Structure formats: structure tokens, C-alpha cells
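Take UniProt numbering: the final residue in the sequence shown is number 178, and no numbers are missing along the way. Just so you know, even glycine gets a beta-carbon here, dropped at the ideal spot from N, CA and C. Predicted model only: the values in this text are computed from it and were never measured.
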Amino acid sequence: MVKDENVSRFIVNNGITWKFIVEGAPWWGGFWERLVRSVKTCLKRILGKSSLTYEELYTVLVEIEAVINSRPITYMYSNVNEPDPLSPSHFLTGSKLTVLPSPNTVPKSSKCDLIKRWKNRLLLLDHFWKRFYKEYLFELRSAMFSKIPKNSGQFKINDVVLIKEDNIKRCNWKLGRI
Numbered sequence: 001m002v003k004d005e006n007v008s009r010f011i012v013n014n015g016i017t018w019k020f021i022v023e024g025a026p027w028w029g030g031f032w033e034r035l036v037r038s039v040k041t042c043l044k045r046i047l048g049k050s051s052l053t054y055e056e057l058y059t060v061l062v063e064i065e066a067v068i069n070s071r072p073i074t075y076m077y078s079n080v081n082e083p084d085p086l087s088p089s090h091f092l093t094g095s096k097l098t099v100l101p102s103p104n105t106v107p108k109s110s111k112c113d114l115i116k117r118w119k120n121r122l123l124l125l126d127h128f129w130k131r132f133y134k135e136y137l138f139e140l141r142s143a144m145f146s147k148i149p150k151n152s153g154q155f156k157i158n159d160v161v162l163i164k165e166d167n168i169k170r171c172n173w174k175l176g177r178i
């Protein structure tokens, strides 16, 4: 399956195994397939016909990866002594991901051009987050409502909710319990 000898050796030495979902049965991987679709849709809409350099596109994608993998998937306590909520990045790296630091090398561009491109990259990331946030929450809500009987559309005690805070970075919003 893997033709490159170095890659094949790396896979064997690290005990990596491939696991496939049944062909023609997308419901087996429905959750991550839907997440991938949401990310791709958001990327297509926000990037559109943007003219990014390879490094800028790579940076935007890495920042998006950090946002997606740092989203909380467990309850977030208000007490600072409680542990951080688990996120996908905890399973990958053992901690919450952060955005990569700025590179040490600066391309040969004017200061104004660099600032303009940096602001454009931040704007793209912000647009991505807003679109992904809406689509991801819609998907969660849709999945939740498909499993809940029709007569129970209200929040109940002990339901977990995401608390939106305007002056806080999105990846740091807290989960709350009603």
C-alpha cells in the first residue's frame, strides 16, 4: 500500500496500523466525516479566490487545526483548581494546542506589506472560525435533536452548554452546566 520504503519502515517501527470504514457505509465514520465536510466548506467559503503565499496558507491551516483540536469536548469548570476540559489536542499532544510562534526569518517585503498580509491572514482565520462555529454548532444541535424525542426541545438541568463571551478568544469559551 505504501510505496516509499522509508515511510513503510516508519509505519512498521512505530506500530501504526490503518483502519478503514466499510466502503459505501459513511455512517460508520459519520462524526469525523461531517467534521471534515464542515471544515472544507468553511475553507472554501473564506479562502475563495484569496491570493496567499504557500507559507501564509500553511500558517492559516495550522492555526485552524489548533482551533479545531483545542475545542473543549468535556465540561469546563469555573474553579481554577479543576483540570482543563479535555480537547482532541489532549489526546494528540497531552495539552491544549496554541498558535505557532512567528517565524524567525522575515521575507524580503516592506513593513507595510507584511502588516497588510498579516492582517489579511487574521481576517481569514476569524472568518473561518465564525463559519465553522455556526456550522459545527448546527451539526451538534441537529445530531442532538435527532436523538431527542420531539416533545423535549427545552434545556434541562445538567445540560452542558457553550458560553459565548464577546471579549474572550473563541477557543477559550467555557462550557457550562445548566
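To which residues of the same chain is Lys169 closer than 7 Å at the C-beta, ignoring the five residues directly before and after it? The sequence position of residue 169 within the sequence shown is 169, counting from 1. Excluding sequence neighbours, Lys169 sits near nothing in its chain.
Under a CB-based cut-off of 9 Å, is Val60 close to chain C? Annotation note: the requested chain C is absent from the structure, which comprises a single protein chain.
Rounded to the nearest angstrom, how far is the Cβ of Phe128 from that of Ile64, given a contact under 8 Å? Taking the first residue of the sequence shown as 1, we reach residue 128 at position 128. Taking the first residue of the sequence shown as 1, we reach residue 64 at position 64. The Cβ separation is near 6 Å, so the contact holds.
Check each candidate in Ser70, Trp173 and Val60 and name the one with the smallest Cα separation from Arg117. By one-based count along the sequence shown, residue 117 stands at place 117. Here the closest residue by C-alpha is Val60.
Compute the minimum distance between the beta carbon of Asn120 and the heavy atoms of the ligand FMN, and state whether it is under 8 Å. For the structure depicted, the ligand FMN is absent and the ligand set is empty, with no information on it obtainable.
In the DSSP output, which residue or residues are listed as bridge partners for Arg177? In the sequence shown, the residue the question calls residue 177 occupies position 177. Beta-bridge pairing links Arg177 to Val160.
Run the CB neighbour count on Arg37, radius 10 Å, all protein chains shown included, and call it buried at 16 or more, exposed below. The residue labelled residue 37 in the question sits at position 37 within the sequence shown. Exposed is the call here.
Proximity to Phe91 [Cα-Cα], best of Glu82, Tyr75, Ser70 and Ser78: Against the sequence shown, residue 91 aligns to sequence position 91. Among Glu82, Tyr75, Ser70 and Ser78, the Cα nearest to that of Phe91 belongs to Ser70.
Following the continuous alpha helix (DSSP H) through Arg37, name the residue where it begins and the one where it ends. As a working mapping, residue 37 is identified with position 37 in the sequence shown. It spans Gly30 to Leu47 - the alpha helix (DSSP H) in which Arg37 sits, taken as one unbroken run.
I need the boundaries of the alpha helix (DSSP H) containing Thr59, first residue and last residue. As a working mapping, residue 59 is identified with position 59 in the sequence shown. Per DSSP, Thr59 belongs to the alpha helix (DSSP H) from Tyr54 to Asn69.
Below 8 Å on the Cβ atoms is my guess for Tyr75 versus Val160; work out the distance and round it to an integer in Å. Taking the first residue of the sequence shown as 1, we reach residue 75 at position 75. Taking the first residue of the sequence shown as 1, we reach residue 160 at position 160. Sure, about 6 Å apart at Cβ, within 8 Å.
Assign Ile16 to one of three DSSP states: helix, strand, or coil. On the sequence shown, residue 16 is found 16 positions in, with the first residue counted as 1. Correct three-state label for Ile16: coil.
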